[in-house]
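Q: Pasting a structure below so you can have a look.
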Amino acid sequence: MAVSDRTLVVWSNQTKVGTLREHNNLWSFEYDSAWKMFDLCPTLPRSAVIIEDGSSKRPIQWFFDNLLPEEGARTLLAADADIDEADAFGLLAHFGAESAGALTLLGPGETPGQGGRHPLSFAELSARIKALPDVPLSQGGSKRMSLAGAQHKLPIIFDNGELFEPNAAEPSTHILKPNHSKPDQYPHSAINEFVMMKLARAVGLVVPEVYVIHVPEPAYLVERFDRSLKGNGMQRLHVIDTCQLLSLDRAFKYTQCLPDTLTAIVDQCRAKAATRKVLFDWFVFCLLIGNTDNHLKNLSFYMSPEGVVLTPHYDLLSTAVYEPDNGWLNARLEWKISSVRTLGEVSPAYLAELGRILKVPPRLQAQTVNRMVKTVAQQLPLIYGELQTTPYPTGVSKDGELRLLRQIQHGVIADMAARLAV
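The numbering of the sequence shown is my numbering, which starts it at 3 and goes up by one.
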């Protein structure tokens, strides 16, 4: 059944990008005549001026739907707003004031307005964390916000150790993620991601700054790489994920983890040789730590007039450690490289095939693997030691976190280092 025509205006910082419309369940987008900065994505070029979805190919709907949360986080936000979970346009109208990258979506006649911030006390954040997964983290905040992804997260401003929620046009500076809302199945996810991101930096991957705070519940904080300090204020930068880059519905974030997709990613990027090596390094690190959830929405790109460039990496954590009965080698790989489907099947031959796809020479492959294995073996005990001596709030135990990290180090990483050895 057709719904009434609906319209949203897309903004980047304080500048109008264009107008998003829905008519008879089909979406269209028209760039503003004054917009000269960048294409939203390769399949939505400014030269087209007006772009319309068809009945089967829907690049506009897919692009904007990819700004919304997924899975349980999407269900919770939809229920909180009393909007059908399948109504992507309605969710964007309700939550579009803050999304990934540079874009905000407002109703006709609305403008971004002046920015501001509202203090978020540790006590208030603690209460919201305790209410998960029944109530979204953003409930009670001064601004309705949407972030893509399956986990519960909150865009915040982190300034000199204090938390603030942005309102109106104020950009957030960090993303906050508490421990997973299913702690029995995914315990201590905050410290897991914090330590794996620290290791990623140590082996040479480009990653944002990360922190863990206690309110007293632990919460992981990651600095937003889609923000830039300009003058006295923060500016949003336009980034897109792989689904948006390649005009894919979010439903394909796993099924399109294919060799041809890697080739398509490289073809879209400005610095092709550098992109191939960065992707290879990312793959090796994910294999080493057992991050098997490295799907298409876990790679993002800056869109600028100069071209497409990979952003820093994010969402790096050991997912394999959560396999039942210490069965991390049974963890399923999302990327279909050769016939290998689990971590336990990975071998130097798998890396050689990955290197062939990405055109990374064998000698450079071996150097990369050996360097990463050696660096992780050196750095993880140091990070572990720092956590051992870090004071925690009274009544908060770190025993479970340290036990998980030992399992990652002596189980997942030890096994994968042996399988990756070349």
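In this text, a Cβ means the ideal position worked out from N, Cα and C, and glycines have one as well.
Predicted, not measured: the structure shown is a model, and the values here were computed from it.
Bridge partners of Pro-118, per DSSP?
A: In the sequence as presented, Pro is not what sits at residue 118; that position holds Gly. BP columns for Gly-118 point to Asn-169.
Q: Suppose you measure from the CA of Glu-211 to the CA of Leu-178; what does that come to, to the nearest Å?
A: 12 Å
Q: Taking only the alpha-carbon atoms, compute the straight-line gap between Leu-290 and Met-418 and give it to the nearest angstrom.
A: 5 Å
Q: Please name the residue, chosen from Gln-270, Ser-320, Glu-347, Pro-71, that lies closest to Met-426 on a Cα-to-Cα basis.
A: Outside the modelled stretch of the chain, which goes from 3 to 424, sits residue 426, for which no answer is possible.
Q: Can Trp-37 and Arg-23 be called in contact, C-beta distance under 8 Å?
A: It is not a contact, given that the beta carbons lie outside the stated cut-off.
Q: Can Leu-248 and Ala-266 be called in contact, C-beta distance under 8 Å?
A: yes
Q: For Lys-184, name the three-state secondary structure that DSSP assigns.
A: coil
Q: Quick one: using the 10 Å Cβ neighbour count with 16 as the cut-off for buried, is Lys-299 buried or exposed?
A: buried
Q: Output the residue ranges of the alpha helix (DSSP H) runs that lie fully inside the stretch 24–100 and measure 4 residues or longer, sorted by chain position.
A: If only complete runs of 4 or more residues are kept, the stretch 24–100 shows the alpha helix (DSSP H) at 61–67, 73–83, 90–97, in order along the chain.
Q: Once the 5 residues before and after Phe-124 are set aside, which same chain residues still bring their CB inside 6 Å of it?
A: Val-217
Q: Among residues of its own chain, excluding the 5 on either side of Lys-400, which ones have a beta-carbon nearer than 7 Å to its beta-carbon?
A: Leu-389, Tyr-394
Q: Round the Cβ separation of Leu-139 and His-154 to the nearest angstrom and send it over; I've been treating them as touching at under 8 Å.
A: 5 Å
Q: With distances taken between CB atoms, is the gap from Asp-317 to Leu-207 smaller than 8 Å?
A: The beta carbons of Asp-317 and Leu-207 sit no closer together than 8 Å.
Q: Any contact between the stretch 46–66 and the stretch 330–344? By contact I mean 3 or more CB pairs, one from each, below 8 Å.
A: No: fewer than three Cβ pairs fall under 8 Å.
Q: Considering just the uninterrupted stretch of the beta strand (DSSP E) at Gly-413, what are its terminal residues?
A: Segment: none, Gly-413 is in no beta strand (DSSP E) and carries neither H nor E.
Q: Which residues in the same chain have their Cβ closer than 6 Å to the Cβ of Gln-237, if we skip the five residues on either side of it in sequence?
A: Asn-15, Ser-230
Q: Could you have a look at Val-280 and say whether DSSP puts it in helix, strand or coil?
A: helix
Q: Distance, Cα to Cα, Ala-81 vs Thr-175?
A: 27 Å
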